[in-house]
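Trainee:
In full-length UniProt numbering, the protein residues as written are 1 to 115.
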(Lines of atoms letter the chains of each structure in order from A; the text may use other names.)
(Lines give C-alpha, C1' and ligand atoms only; values in the text may rest on other atoms or scores of the structure.)
Protein backbone atom coordinates (compact mmCIF):
# COMPACT_ATOMS: atom_id res chain seq x y z
CA UNK A 1 0.00 0.00 0.00
CA UNK A 2 2.73 2.45 0.93
CA UNK A 3 4.66 1.75 -2.28
CA UNK A 4 1.58 2.45 -4.44
CA UNK A 5 0.88 5.78 -2.71
CA UNK A 6 4.03 7.93 -2.74
CA UNK A 7 2.20 10.97 -1.29
CA UNK A 8 0.65 9.03 1.62
CA UNK A 9 0.88 11.03 4.86
CA UNK A 10 -1.50 9.38 7.37
CA UNK A 11 -2.71 5.83 8.02
CA UNK A 12 -5.59 5.31 10.47
CA UNK A 13 -6.23 1.75 11.64
CA UNK A 14 -9.20 1.13 13.93
CA UNK A 15 -10.31 -2.02 15.74
CA UNK A 16 -8.23 -4.42 13.65
CA UNK A 17 -6.30 -7.52 14.65
CA UNK A 18 -2.73 -6.77 13.57
CA UNK A 19 -1.33 -10.15 14.64
CA UNK A 20 -0.47 -11.29 11.13
CA UNK A 21 0.97 -8.04 9.81
CA UNK A 22 4.10 -8.69 7.79
CA UNK A 23 7.37 -7.32 9.16
CA UNK A 24 8.36 -6.21 5.66
CA UNK A 25 5.23 -4.03 5.60
CA UNK A 26 6.34 -2.36 8.82
CA UNK A 27 9.79 -1.76 7.31
CA UNK A 28 8.15 -0.20 4.22
CA UNK A 29 6.10 2.11 6.45
CA UNK A 30 9.16 3.12 8.46
CA UNK A 31 11.10 3.95 5.30
CA UNK A 32 8.28 5.84 3.59
CA UNK A 33 9.42 9.36 2.73
CA UNK A 34 6.21 11.33 3.30
CA UNK A 35 4.42 9.26 5.96
CA UNK A 36 3.82 11.43 9.03
CA UNK A 37 1.63 9.25 11.29
CA UNK A 38 0.42 5.68 11.64
CA UNK A 39 -2.52 5.93 14.04
CA UNK A 40 -3.54 2.66 15.69
CA UNK A 41 -6.89 3.10 17.48
CA UNK A 42 -8.31 0.23 19.50
CA UNK A 43 -6.41 -2.46 17.57
CA UNK A 44 -5.41 -5.83 18.99
CA UNK A 45 -1.89 -7.23 18.72
CA UNK A 46 -0.28 -3.94 17.67
CA UNK A 47 2.93 -4.95 19.45
CA UNK A 48 4.54 -5.84 16.11
CA UNK A 49 4.46 -2.13 15.29
CA UNK A 50 5.86 -1.14 18.70
CA UNK A 51 8.65 -3.71 18.53
CA UNK A 52 9.99 -2.10 15.40
CA UNK A 53 11.76 0.93 16.87
CA UNK A 54 12.36 2.57 13.51
CA UNK A 55 8.68 3.49 13.18
CA UNK A 56 8.65 6.90 14.92
CA UNK A 57 5.39 7.79 13.19
CA UNK A 58 3.42 5.33 15.37
CA UNK A 59 0.65 6.74 17.58
CA UNK A 60 -1.33 4.26 19.72
CA UNK A 61 -4.77 5.42 20.92
CA UNK A 62 -6.37 3.26 23.62
CA UNK A 63 -9.61 5.12 24.36
CA UNK A 64 -12.33 7.08 22.67
CA UNK A 65 -11.60 10.42 21.05
CA UNK A 66 -14.39 12.52 22.57
CA UNK A 67 -13.46 15.75 20.82
CA UNK A 68 -13.70 14.06 17.45
CA UNK A 69 -17.09 12.59 18.33
CA UNK A 70 -18.37 16.00 19.42
CA UNK A 71 -17.19 17.63 16.20
CA UNK A 72 -18.92 14.94 14.14
CA UNK A 73 -22.13 15.29 16.16
CA UNK A 74 -21.92 11.72 17.43
CA UNK A 75 -21.45 12.69 21.08
CA UNK A 76 -23.87 11.31 23.66
CA UNK A 77 -23.56 13.00 27.06
CA UNK A 78 -24.95 9.94 28.83
CA UNK A 79 -22.03 7.87 27.56
CA UNK A 80 -19.52 10.50 28.63
CA UNK A 81 -20.55 10.17 32.26
CA UNK A 82 -22.17 12.55 34.67
CA UNK A 83 -19.04 14.08 36.16
CA UNK A 84 -18.89 17.89 36.14
CA UNK A 85 -15.58 17.81 34.27
CA UNK A 86 -16.98 15.79 31.38
CA UNK A 87 -20.12 17.96 31.26
CA UNK A 88 -18.12 21.19 31.17
CA UNK A 89 -15.83 19.69 28.53
CA UNK A 90 -18.76 18.73 26.31
CA UNK A 91 -20.39 22.14 26.84
CA UNK A 92 -17.19 24.00 25.95
CA UNK A 93 -16.68 21.84 22.86
CA UNK A 94 -20.28 22.36 21.76
CA UNK A 95 -20.03 26.09 22.42
CA UNK A 96 -16.79 26.48 20.48
CA UNK A 97 -18.24 24.51 17.57
CA UNK A 98 -21.45 26.56 17.50
CA UNK A 99 -19.53 29.86 17.75
CA UNK A 100 -17.20 28.98 14.91
CA UNK A 101 -19.75 27.40 12.59
CA UNK A 102 -21.26 30.43 10.85
CA UNK A 103 -20.48 28.83 7.51
CA UNK A 104 -20.44 25.07 6.98
CA UNK A 105 -16.92 23.73 6.83
CA UNK A 106 -15.87 21.97 3.66
CA UNK A 107 -13.44 19.08 3.92
CA UNK A 108 -11.78 17.83 0.76
CA UNK A 109 -10.53 14.26 0.71
CA UNK A 110 -8.26 13.01 -2.05
CA UNK A 111 -8.24 9.27 -2.61
CA UNK A 112 -5.37 7.74 -4.51
CA UNK A 113 -5.92 4.40 -6.19
CA UNK A 114 -3.27 1.91 -7.14
CA UNK A 115 -2.40 0.74 -10.66
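Cβ atoms here follow ideal geometry from the backbone N, Cα and C, with glycine treated the same way. Computed from a predicted model, the values in this text were never measured in an experiment.
Straight-line CA distance for residue 59 to residue 35?
Mentor: Cα to Cα, residue 59 sits roughly 12 angstroms from residue 35.
Trainee: For residue 18, which residues from the same chain have a beta carbon less than 8 angstroms from its beta carbon, with the 5 sequence-adjacent residues on both sides left out?
Mentor: The answer, listed in chain order, is 40, 43, 44, 45, 46, 48 and 49.
Trainee: How many whole angstroms separate the CB atoms of residue 10 and residue 30, which I take to be in contact at a CB cut-off of 8 angstroms?
Mentor: Rounded, the Cβ-Cβ distance is 15 angstroms, inconsistent with contact.
Trainee: Can you tell me the Cβ-Cβ gap for residue 28 and residue 7, rounded? I've got them flagged as a contact below 8 angstroms.
Mentor: Contact flag wrong, Cβ pair sits at about 15 angstroms.
Trainee: Whose C-alpha, out of 12, 15 and 54, is nearest the C-alpha of residue 26?
Mentor: Of the listed residues, the one whose Cα sits closest to residue 26 is 54.
Trainee: Go through its chain and collect everything with a Cβ distance to residue 12's Cβ below 6 angstroms, but skip five positions before and after it.
Mentor: Cβ neighbours of residue 12 beyond the five flanking positions: 39.
Trainee: Hey, out of 63, 32, 64 and 66, whose CA is closest to residue 56's CA?
Mentor: Ranking the options by Cα distance to residue 56, first place goes to 32.
Trainee: Runs of 4 residues minimum, wholly inside the segment 12-66: which ones carry the alpha helix (DSSP H) assignment?
Mentor: Runs found: 23-30 and 47-51.
Trainee: May I have the straight-line CA-CA distance separating residue 65 from residue 23, to the nearest angstrom?
Mentor: Those two C-alpha atoms are separated by around 29 angstroms.
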